[in-house]
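Read through the structure below, which is laid out as structure tokens, and then see the notes.
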Amino acid sequence: YAFSKGDSVVVIGLGRFGGSVARSLVHLGHDVMGIDRESDPVHAWADRLTHAVQADATNAMVLRQLGVADFAHAVVGIGTDVAASLMTLMALTELGIKDIWVKALTQEHGQIAQRIGAHHVVYPEADMGVRVANMVTGRLIDFIELDDGFALAKVHAPAATHNRKLEESEVRTKYGITVVGVKRTNTDFQHATPSTMVLPGDLLIVSGPTGQIQRFAGQVK
Ligand code: ADP
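What follows is the structure in structure tokens.
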């Protein structure tokens with residue numbers, strides 16, 4: 010297949026996760042080949058991906074025939090069938106793919122995947138659980154833990170910051186967090202500067218240690 014870009018991606022397993030990855034990659038402008046062993050997902054995705062193929066991805070020879078070796082990146086979205094996920098990963102390493110991402114449902118699955126050559130392992134369900142917990146209990150509207158204990162979050166501007174410039178409310182010294190951006194209703198996010206004025210009802214994008222962000226966000230009212 011003649012793919013135009015070097016950043017082509019093969020997505021294997023067009024379930025909920027793989028389908029979402031494939032769709033987002035297409036929106037980002039990449040060429041995407043989707044592979045699934047069932048015909049239903051292949052038909053469902055056929056006209057939205059650059060190419061959708063029905064094949065058993067555990068077979069390296071089949072993948073080679075499909076031209077998978079030419080792809081820069083691969084995402085293995087098979088989750089439930091751990092054996093199929095790992096065998097597919099092995100087939101991809103055999104083809105010499107340089108950037109392989111594997112979705113894992115359990116730590117065991119992820120650890121084995123790492124051992125046999127996955128370059129990245131993602132745990133969508135466990136990660137979303139952490140995010141939801143922080144949003145439920147911590148008044149965070151959105152939350153991404155970037156590294157252990159360090160996060161980026163969207164929070165309601167706490168009362169302590171209202172009607173002041175950021176340099177006046179001293180959030181960095183008082184709370185140990187950095188305000189990255191500010192959003193007022195009906196306007197786009199603006200990058201924060203020391204002279205940015207915060208009003209009641211504003212949303213803030215902040216970065217810092219997760220606990221400090223929770224403490225900062227808890228200052229509402
Ligand atoms: P999700 O929870 O994201 O829907 P699943 O593990 O339920 O993930 O589904 C993954 C997809 O992977 C299914 O559509 C399934 O048909 C496909 N799949 C499973 N094994 C293989 C395989 N060996 N080759 C290609 N596709 C596979």
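In the UniProt record's numbering, the protein residues as written are 10 to 230. All residues carry an ideal CB built from backbone N, CA and C; glycine is no exception. Predicted, not measured: the structure shown is a model, and the values here were computed from it.
N- and C-terminal bounds of the alpha helix (DSSP H) containing residue i
i	result
residue 121	116 to 124
residue 3	This structure cannot speak to residue 3, because the chain is shown only from 10 to 230.
residue 77	Looking at the DSSP string, residue 77 is not in any alpha helix (DSSP H), and its letter there is neither H nor E.
residue 17	Residue 17 -> no alpha helix (DSSP H), and no H or E assigned at all.
residue 93	91 to 103
Boundaries (first-last residue) of the beta strand (DSSP E) holding residue i
i	result
residue 82	82 to 85
Cross-strand partners of residue i (DSSP beta bridge)
i	result
residue 60	42
residue 109	83
residue 145	Residue 145 is not bridged to any residue.
residue 36	Residue 36 pairs with nothing; no bridge assigned.
residue 130	111
Beta-carbon separation (whole angstroms), residue i vs residue j, contact threshold 8 Å
i	j	result
residue 153	residue 212	15 Å between Cβ atoms; not a contact.
residue 93	residue 67	6 Å
residue 57	residue 104	Not really, about 25 Å apart at Cβ, beyond 8 Å.
residue 54	residue 69	That belief does not hold up - the Cβ atoms of residue 54 and residue 69 are roughly 23 Å apart, past 8 Å.
residue 64	residue 43	Actually they do not touch by this definition, with Cβ atoms about 10 Å apart.
residue 88	residue 21	Not really, about 11 Å apart at Cβ, beyond 8 Å.
residue 107	residue 81	7 Å
residue 185	residue 221	4 Å
residue 226	residue 164	4 Å
residue 109	residue 102	7 Å
residue 190	residue 200	6 Å
residue 144	residue 174	The Cβ separation is near 28 Å, so there is no contact.
residue 111	residue 122	4 Å
residue 176	residue 204	7 Å
residue 23	residue 40	About 16 Å; that fails the 8 Å criterion.
Quiz item: If you scan the UniProt domain "RCK C-terminal" (147 to 230) from start to end, which runs of the alpha helix (DSSP H) of 4 or more residues do you find wholly inside it?
Solution: 175 to 178, 180 to 184 and 219 to 226
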